[in-house]
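Under the working numbering, the residues of the sequence shown are numbered 66 to 326, in order. Glycine included, C-beta positions come from ideal geometry on N, C-alpha and C. Encoded as structure tokens, the structure appears first; notes follow it.
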Amino acid sequence: MAGRLAGKVVIVTGGGAGIGRGVSTRCASEGAAVVIAELDAGLGAETARLITDGGGRAIFAHTDVTDEASVAACVATAEAAFGPVSGLVNVAGIYPRATLDNTTVALWDRIMDVNLKGPFLTCRAAVPSMRKAGGGSIVNVTSTNAYSGWPNLFAYSTAKGGLLTMTRNLARGLAADRIRANALNPGWVISDNEIRIQAGDGHDLAWIAEAGKRQPLGRQQTPDDSAWSVVFLLSDESSQVTGTELNVDAGRSMPGQGGSG
Ligand SMILES: NC(=O)c1ccc[n+]([C@@H]2O[C@H](COP(=O)([O-])OP(=O)(O)OC[C@H]3O[C@@H](n4cnc5c(N)ncnc54)[C@H](O)[C@@H]3O)[C@@H](O)[C@H]2O)c1
Numbered sequence: 066m067a068g069r070l071a072g073k074v075v076i077v078t079g080g081g082a083g084i085g086r087g088v089s090t091r092c093a094s095e096g097a098a099v100v101i102a103e104l105d106a107g108l109g110a111e112t113a114r115l116i117t118d119g120g121g122r123a124i125f126a127h128t129d130v131t132d133e134a135s136v137a138a139c140v141a142t143a144e145a146a147f148g149p150v151s152g153l154v155n156v157a158g159i160y161p162r163a164t165l166d167n168t169t170v171a172l173w174d175r176i177m178d179v180n181l182k183g184p185f186l187t188c189r190a191a192v193p194s195m196r197k198a199g200g201g202s203i204v205n206v207t208s209t210n211a212y213s214g215w216p217n218l219f220a221y222s223t224a225k226g227g228l229l230t231m232t233r234n235l236a237r238g239l240a241a242d243r244i245r246a247n248a249l250n251p252g253w254v255i256s257d258n259e260i261r262i263q264a265g266d267g268h269d270l271a272w273i274a275e276a277g278k279r280q281p282l283g284r285q286q287t288p289d290d291s292a293w294s295v296v297f298l299l300s301d302e303s304s305q306v307t308g309t310e311l312n313v314d315a316g317r318s319m320p321g322q323g324g325s326g
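In structure tokens:
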């Protein structure tokens, strides 16, 4: 397939829903062969079907990013289907609201497992494949919350701060292998899960849309807003970009804007 990612083999964790589905479909429409590494079998298979029905190349690999064996199997599946991996997008993440006082040890461990240990395991498993490919690109989906540190996302923002540091570490350690690593910091993205969370707080779609008008750029963000930036970071257009962070947050993290989620 032609496109900005033609010839690339890209694993997208959490590709079943939200930002991950947006990234998966956009990568496929730009010519990548996409492996959807997703815990929810129904959603993962659905994303793969959406892509293949549209003429793109994709497979679903049932994956739990917190499980070493499962992640290794995902990379093996990707290689068997499409050849060595050239791109890894770590999107899988969870963001249950909890302050310091109501973060249990079990919740802390779960949030760290998915948001921080997951990317460690996927990078460690995918990098040998990228070396075979002669190089690659890792994109870690972090959050501007790593900086703004909202109190009701205590463990989550701590994990995303760790993921930013991991990204810099990967960039420095893997540059000699021509493997790049960058972070993408979304702001407030209206994914299905975010809609569910806002509904739980009594906020309907009209409230969400109204809040979007107060963003510096005047609307809420969609998964596709992040997906376009991921395409850039995976493509050869960014072949000299590593160890950096791209805020795709409608300007919410600009000084004086009050931070973002
Ligand atoms: N939505 C936002 O406003 C926002 C803002 C900043 C950063 N982010 C980050 O973007 C990413 C995606 O967010 P979203 O809103 O699209 O979430 P989402 O819940 O819609 O999608 C996350 C996907 O990850 C999958 N997943 C969860 N645990 C997994 C595991 N152990 N193994 C494999 N897959 C797993 C889920 O099944 C789901 O399909 C997350 O890392 C999140 O922290 C989101």
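Sheet register partners of residue i (DSSP bridge)
{"i": "HIS127", "result": "GLU103"}
{"i": "GLY152", "result": "VAL75 and SER202"}
{"i": "ILE260", "result": "Bridge partners of ILE260: none, in fact."}
{"i": "VAL254", "result": "GLN286"}
{"i": "ALA190", "result": "Bridge partners of ALA190: none, in fact."}
{"i": "ILE244", "result": "GLY201"}
{"i": "LEU249", "result": "VAL206 and LEU311"}
{"i": "ALA98", "result": "VAL74 and ARG122"}
{"i": "ALA163", "result": "LEU218"}
C-beta atoms of residue i and residue j nearer than 9 Å
{"i": "LEU172", "j": "ALA224", "result": "no"}
{"i": "ASN250", "j": "THR307", "result": "no"}
{"i": "VAL204", "j": "VAL99", "result": "no"}
{"i": "GLY96", "j": "ALA67", "result": "yes"}
{"i": "THR78", "j": "GLU103", "result": "yes"}
{"i": "ASN247", "j": "THR230", "result": "no"}
{"i": "THR112", "j": "ALA126", "result": "no"}
{"i": "THR128", "j": "ALA236", "result": "no"}
{"i": "ASP174", "j": "GLY252", "result": "no"}
heavy atom of ligand 1 below 8 Å from residue i C-beta
{"i": "PRO161", "result": "no"}
{"i": "TRP173", "result": "no"}
{"i": "ILE84", "result": "yes"}
{"i": "ALA246", "result": "no"}
{"i": "LEU115", "result": "no"}
{"i": "PRO288", "result": "yes"}
{"i": "VAL179", "result": "yes"}
{"i": "VAL295", "result": "no"}
{"i": "ILE255", "result": "yes"}
{"i": "THR309", "result": "no"}
{"i": "SER89", "result": "no"}
{"i": "GLU133", "result": "no"}
{"i": "GLY376", "result": "It is not possible to answer for residue 376, since the shown part of the chain is limited to 66 through 326."}
{"i": "ASP129", "result": "yes"}
{"i": "TYR221", "result": "yes"}
{"i": "VAL100", "result": "no"}
{"i": "PRO320", "result": "no"}
{"i": "ASP266", "result": "no"}
{"i": "THR142", "result": "no"}
{"i": "LYS225", "result": "yes"}
{"i": "VAL156", "result": "yes"}
{"i": "SER208", "result": "yes"}
{"i": "GLU95", "result": "no"}
{"i": "ASN312", "result": "no"}
{"i": "ASN217", "result": "no"}
{"i": "ASP105", "result": "yes"}
Are three or more beta carbon pairs between the segment 152-168 and the segment 185-201 nearer than 8 Å? With a cut-off of 8 Å on Cβ pairs, the segment 152-168 is in contact with the segment 185-201, counting three or more such pairs.
Inspect the CB distances between the segment 279-288 and the segment 79-93 and report whether three or more fall short of 8 Å. A contact exists between the segment 279-288 and the segment 79-93.
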